[in-house]
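Residue numbers (this note's numbering), protein chains in the order written: chain A, 106 to 414; chain B, 106 to 414.
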């Protein structure tokens, strides 16, 4: 395994409203969150994405300073960057999309840079399944691990293509409601079994404030979520999770259930930072020492002694 | 600390309907579930409850064979045992009460048997707060640990008395919606802080299929729930949880956050058995070796290795 990590996803501007405040246009997009999370690790991470000519140099600089390779990011002159605006309700579990301007996304033709065509890990961020398939088809060497993140929009409107992607990946990461939606099953254990049968050897079901479940070969791992006094802005939590997950696997260079357990905790820790501030702010400021500290907090959350005689 | 565990609660007959089937009148009541769960441990457990003359001898025999002390169970001649009937909906998270016949409950005057007036642990099962207070007032010696279980009905209709009970207990065990209801707070971390301020040093928030949280003095422990393919009947899950919790503490004879973490896992394991069959059936059949096995399953659910350099 090499330590190349290829990420396809959106780079965007978001405008977010939560019960705690409201932002103007801020940096967003799944590839952005994933890249920032993965940049905590010793990995060579390349983003494949598309931006318009309104994308600010300071944001490109920020990502490059974090060591991310942007040679796969195409800028389309005369077009604007993908924009999303949403409002979270009081419980922060539901949100309303206020505005979606696809802009450059409608013209996105992903091109994998030559030196990433042998990347050991490919992360297909939340995006049109056709584009996810296109990226896979451009790989010269079969990756050791392909990870898929998706969401309800693609399940509802692109089901056939999505199923094709699912059949080609090793790991699928979705939330509980989406797992139930895809499999038409209430029990998450059964849903995971059905998802396994569709292709992926590893199934991650994210449960927001209730943590995440990792399923593999009859085995289950439960990652807690950090109980927080306040969730400030949930945007990008799932992307941060999967970015931390692949970042760790890419650095350690081993694919196993044991390593994925640790990766799931690291992803959960990463998401716990993201939700504490608006947008990418937490991830931009995060140091590895803070991350390590929080991972140990996660460990102490679930550790207990047992001696039953 | 002695190993006497005093439990006040209902003994009842239930009729239950779930998506998986329907029962006739079966054994129920919170004291029954708590007693059966606690009977797995080396503890002297006495129940304070009330029954009518329709309560079957075979059910009294069952509880006595499990080693439970029924000297605090009063039988009222000419009256019928408390009866509850309910129907669970497809997701098993919501239920409709079809029938409640209070019967003997309206005449319940709890009497703590003399030899339990020095019990080290008192568990106030889900019941009228006035009766919970009455039991506490009958104790000769201040217990080392008083544990309270309650539910939405008492929060809505008996709030003042309930607050008085809460101010006198060491541990409160309630579910997430009830914690939010009592404290008028969405965040469970904040809700726990508010509950602490009302009296209890330890706060347990049960989250059903998402496990349970134990809060104490700025510290938090997350117990997972066992991911099950099927939840057959949720009746008595919370009672089994708290019964296992106090059973373990009574046997080990130590009150600390560390022991309560283990007790929370044991309670969760106990609840995981209860929901797999109708009513008390699982707890009636459960062996300690099966319980131990499941507790180790819980351990493996959350264990992971971490070495971040």
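Glycine is no exception: its CB is placed at the ideal position from the N, C-alpha and C atoms.
Keep in mind it's a predicted model, so treat the numbers as computed, not measured.
| Query | Result |
| --- | --- |
| Simplified DSSP state of residue 301(B), which is helix, strand or coil | helix |
| Beta-carbon spacing of residue 325(B), residue 353(B) below 7 Å | no |
| Residue 367(A): contacting residues in chain B (beta-carbon distance under 8 Å) | 409, 410, 411 |
| Cβ-based contacts, 7 Å cut-off: residues of the region 322 to 353 of chain B near chain A | 325, 326, 327, 329, 332, 333, 334, 335 |
| Residue 195(B): contacting residues in chain A (beta-carbon distance under 8 Å) | 291 |
| Cross-chain neighbours of residue 295(B) in chain A, by beta carbon under 7 Å | 334 |
| CB contact check: residue 416(B) to chain A, cutoff 7 Å | The structure shown does not extend to residue 416(B), since chain B is modelled only from 106 through 414, so no value can be given for it. |
| Sufficient close CB pairs (3 or more, under 8 Å) joining the region 384 to 396 of chain B to the region 303 to 317 of chain B | no |
| Counted within 10 angstroms of its Cβ, other Cβ atoms place residue 202(A) as buried (16 or more) or exposed | exposed |
| Residues within the region 296 to 317 of chain A neighbouring chain B, beta-carbon criterion of under 7 Å | 312, 315 |
| Euclidean distance between Cα positions of residue 148(B) and residue 329(A) | 32 Å |
| Unbroken beta strand (DSSP E) run spanning residue 351(A), endpoints | Counting along the chain, residue 351(A) falls outside any beta strand (DSSP E), though it belongs to the alpha helix (DSSP H) covering 342 to 357. |
| Residues that DSSP places opposite residue 122(B) in a beta bridge | 127(B), 192(B) |
| Secondary structure, beta strand (DSSP E): runs of 3+ residues fully inside the region 169 to 216 of chain B | 174 to 181, 187 to 193, 200 to 206 |
| Proximity test, Cβ basis, 7 Å: residue 370(A) and chain B | yes |
| Chain B contact for residue 415(A) (CB, 7 Å cutoff) | Nothing in the structure corresponds to residue 415(A), since chain A is present only between 106 and 414. |
| Boundaries of the alpha helix (DSSP H) in which residue 270(A) is found, first to last residue | 264 to 273 |
| Closer than 9 Å at the beta carbon, the chain B residues around residue 389(A) | Residues of chain B passing the Cβ test: none, with the nearest at roughly 20 Å. |
| Residue-chain proximity (residue 397(A), chain B), Cβ-Cβ < 7 Å | yes |
| Contacts around residue 349(B), its chain only, beta-carbon distance under 6 Å, and the 5 residues preceding and following it disregarded | 142, 371, 372, 375 |
| Beta-carbon gap between residue 145(B) and residue 413(B) smaller than 7 Å | no |
| N- and C-terminal bounds of the alpha helix (DSSP H) containing residue 400(B) | 393 to 407 |
| Residues, ordered as in the chain, of the region 147 to 180 of chain B that lie near chain A by beta-carbon distance below 9 Å | none |
| Secondary structure, alpha helix (DSSP H): runs of 4+ residues fully inside the region 137 to 171 of chain A | 162 to 170 |
| Members of the region 245 to 272 of chain A that neighbour chain B once the beta carbon cut-off is set at 7 Å | none |
| Alpha helix (DSSP H) segment containing residue 242(B), residue limits | 234 to 242 |
| Residue 315(B) - DSSP class collapsed to helix/strand/coil | helix |
| Close beta carbons around residue 182(B), own chain, < 7 Å, minus the five adjacent residues each side | 158 |
| Three or more C-beta pairs below 8 Å linking the region 251 to 264 of chain B and the region 273 to 287 of chain B | yes |
| Helix, strand or coil at residue 292(A) according to DSSP, with G and I counted as helix | coil |
| Cβ neighbours of residue 129(B) in the same chain (closer than 8 Å, five flanking residues each side left out) | 120 |
| Buried versus exposed call for residue 134(B) [16 or more other C-beta atoms within 10 Å across all chains shown] | buried |
| Nonlocal neighbours in the same chain, by C-beta distance under 7 Å from residue 213(A), ignoring five residues either side | 155, 236 |
| Inter-residue Cα distance where the pair is residue 270(B) and residue 407(B) | 34 Å |
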